[in-house]
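*Asks:*
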Amino acid sequence: MEQKITALRERFAFALSNVADPVALEALRVEYLGKKGLLADLMQSLRELSGEGKKQAGQFINALKNEVEQTIRSAAEAQQKAELDKLVNGAKQYDVTLPERTLHGSYHPISLVQREVEHIFVTMGFTVEEYPEIVDDYHCFEALNIPKHHPARDMQDTYYLNNGQLLKTHTSAAQNAIMRKYGAPLRAIFPGRCFRNESIDACHENTFFQMEGIMIDRDISIANLIYFMKTMLSEVFQQDIKVRLRPGFFPFVEPGFELDISCLICGGEGCPSCKDSGWLELCPCGMIHPRVLEMGGIDPNEYTGFAFGLGLTRLAMMRYGVKDIRDFNSGNLRVLAQFT
Ligand code: DAH
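For the sequence shown, position 12 matches number 11 in numbering that gives the first Met the number 0, and the numbering has no gaps at all.
1. Assign ALA77 to one of two classes, buried (16 or more other C-beta atoms within 10 Å of its C-beta) or exposed (fewer than that).
2. Let's see if you can read the secondary structure: which residues bound the alpha helix (DSSP H) around LEU292?
3. Quick one: what does DSSP say ARG217 is sitting in, helix, strand or coil?
4. Kindly examine the ligand DAH and report whether one of its heavy atoms sits closer than 7 Å to the Cβ of ALA222.
5. Between ILE215, SER198, CYS193, which has its C-alpha nearest ARG179's C-alpha?
6. Whether or not the region 85-104 and the region 34-52 are in contact is what I'm after, with contact meaning three or more pairs of Cβ atoms, one per stretch, closer than 8 Å; do they touch?
7. Taking 7 Å as the cut-off, is the beta-carbon of ALA90 closer than that to any non-hydrogen atom of the ligand DAH?
8. Under a three-way DSSP split, which group does GLU253 fall into?
9. Just to confirm, are THR170 and GLN113 a CB contact at a threshold of 8 Å?
10. Measure the CB-CB distance between ILE297 and ALA172 and report whether it falls below 8 Å.
11. Just checking, does the region 106-123 make contact with the region 136-143 on the three C-beta pairs under 8 Å criterion?
12. Could you tell me which of TYR302, ALA187, MET316, ILE109 sits nearest to SER220, measuring between CA atoms?
13. With 16 other CB atoms within 10 Å as the buried threshold, where does HIS288 fall?
14. Spatial neighbours of GLY36 within its chain, please: CB distance less than 7 Å, with the 5 preceding and 5 following residues excluded, ordered by chain position.
15. Between CYS284 and the ligand DAH, is there a pair consisting of the residue's CB and a ligand heavy atom that are separated by less than 7 Å?
16. Are there any heavy atoms of the ligand DAH lying less than 7 Å away from the beta-carbon of HIS149, as far as the coordinates show?
17. Taking the beta strand (DSSP E) that CYS193 falls in, what are its first and last residues?
18. Please tell me whether CYS262 and CYS273 are closer than 8 Å, where the distance is taken between their beta carbons.
19. Using only the alpha-carbon positions, how far apart do PRO131 and GLY277 sit?
20. Tell me whether the beta-carbon of PHE189 lies closer than 8 Å to the beta-carbon of THR206.
21. Among residues of its own chain, excluding the 5 on either side of ASP323, which ones have a beta-carbon nearer than 8 Å to its beta-carbon?
22. Just verifying my parser: in three-state terms, what is the DSSP assignment at GLU128?
23. For ARG384, is the classification buried or exposed, using 16 other Cβ atoms within 10 angstroms of its Cβ as the cut-off for buried?
24. Reducing DSSP to helix, strand and coil, say where HIS138 ends up.
25. Where DSSP assigns a beta bridge to MET210, which residues make up the other side?
26. Is PHE307 a contact residue of the ligand DAH, with contact defined as CB to any heavy atom under 7 Å?
27. In or out: ASP340 buried (at least 16 other Cβ within 10 Å) or exposed?
Structure representation (structure tokens):
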């Protein structure tokens, strides 16, 4: 019997050392001191004894029971004290006079690229203009020399609203209003969100950002266009960027171009990113069509100008190595928080 009592004492000491919280302590109390607990079991086994042995064993068990009760009580008190200390210390550490902690937010990668490009153009004398996302047919198409039958007006591409207006499909939609507002000479960029009814995949979005720019003055030529684009892109990518122009058709420019930049991954050698061509298509552009100048109230015999429609979303993908365009509109803060 004595052995049993000693074994239980040791078992209790071991179990107590593993108790981490009040719930576990209460479970331990019930296990040892409960009506059907281990100590009650031990008392039951006294029945097997008699005489002096029984008396002595009874005393031992009672002593153990008192010991267990006392230890559990002390442990509970210690736990309560620790809890209280934690609260008090926590309260002490809280200093109401401290300034608030900055929230861990970050700018959207497209905002970051947009600001950067804006800054570069502002230093080159351009103003930054805003234009609504809901526009009319005239500004989005007609004033850009896009005739009625042009595929860009197809219902498949354009989101039309019930009132006949539409969501702007490109930032070029602001050209006319800005020309009318300022006249020539003029240097302006106008970033904006554009919408097209496209099916979405890793490379296509129905909601994306562009940055349009126009420069109108006397004697503006393609050389000016190339210079401004090259300077801007070299600043954005922090390296000397080679550009090349290929012919491209857009009704509002003549001639129109696709501007490519030397591949940033392979430096022009050819790699999977540039499909072995050494070039990446980045920015459609051209010399503003005389009809478009005219509709904007600017005399095409006196002034010429260039225009470009930079894909800001695409630029952000290149700049930050984003492989899936859907990440931008996902609202996934864990993705967005990487861009600081
Ligand atoms: N607005 C055209 C588009 O989104 C892009 C574009 C092409 C803009 C040529 C321009 C330009 O300013 O000159 O498809």
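Here a beta-carbon is modelled for each residue, glycine too, at the ideal position from N, C-alpha and C.
*Replies:* Looking at the atomic coordinates:
1. Here ALA77 is exposed. Its C-beta has fewer than 16 other C-beta atoms within 10 Å.
2. Note, LEU292: alpha helix (DSSP H), 289-294.
3. Residue state, collapsed to three classes: coil.
4. For the ligand DAH, not one heavy atom lies less than 7 Å from the Cβ of ALA222.
5. The residue from ILE215, SER198, CYS193 with its alpha-carbon nearest to that of ARG179 is ILE215.
6. Contact check between the region 34-52 and the region 85-104: fewer than three CB pairs, one atom from each, fall below 8 Å, which does not count as touching.
7. No, the Cβ of ALA90 stays beyond 7 Å of every heavy atom of the ligand DAH.
8. In the structure shown, the three-state DSSP call for GLU253 is strand.
9. In this structure, the beta-carbon distance from THR170 to GLN113 does not fall below 8 Å.
10. In this structure, ALA172 does not lie closer than 8 Å to ILE297 by Cβ.
11. The count of Cβ pairs closer than 8 Å, one atom from the region 106-123 and one from the region 136-143, stays below three, leaving the stretches out of contact.
12. Here the closest residue by C-alpha is TYR302.
13. Residue burial is scored here from C-beta neighbours: HIS288 has at least 16 other C-beta atoms within 10 angstroms and is therefore classed as buried.
14. Here the set comprises VAL29, GLU30.
15. Relative to the ligand DAH, the nearest heavy atom lies less than 7 Å away from the CB of CYS284.
16. No, the ligand DAH has no heavy atom inside 7 Å of this Cβ.
17. In the DSSP assignment, CYS193 falls within the beta strand (DSSP E) that extends over 185-194.
18. In this structure, CYS262 places its C-beta atom within 8 Å of the C-beta atom of CYS273.
19. Computed Cα separation, rounded: 37 Å.
20. No, the Cβ-Cβ distance between PHE189 and THR206 is not below 8 Å.
21. When the five nearest sequence neighbours on each side are left out, the beta carbons in the same chain lying within less than 8 Å of the beta carbon of ASP323 are those of ALA201, in order along the chain.
22. In this structure, GLU128 counts as coil in the three-state DSSP scheme.
23. The structure shown does not extend to residue 384, since the chain is modelled only from 0 through 339, so no value can be given for it.
24. If DSSP states are grouped into helix, strand and coil, HIS138 belongs with the helices.
25. Answer is PRO190, LEU309, bridged to MET210.
26. Flag set: Cβ of PHE307 near the ligand DAH.
27. Because residue 340 is not part of the residues shown, which for the chain are 0 to 339, the question remains open.
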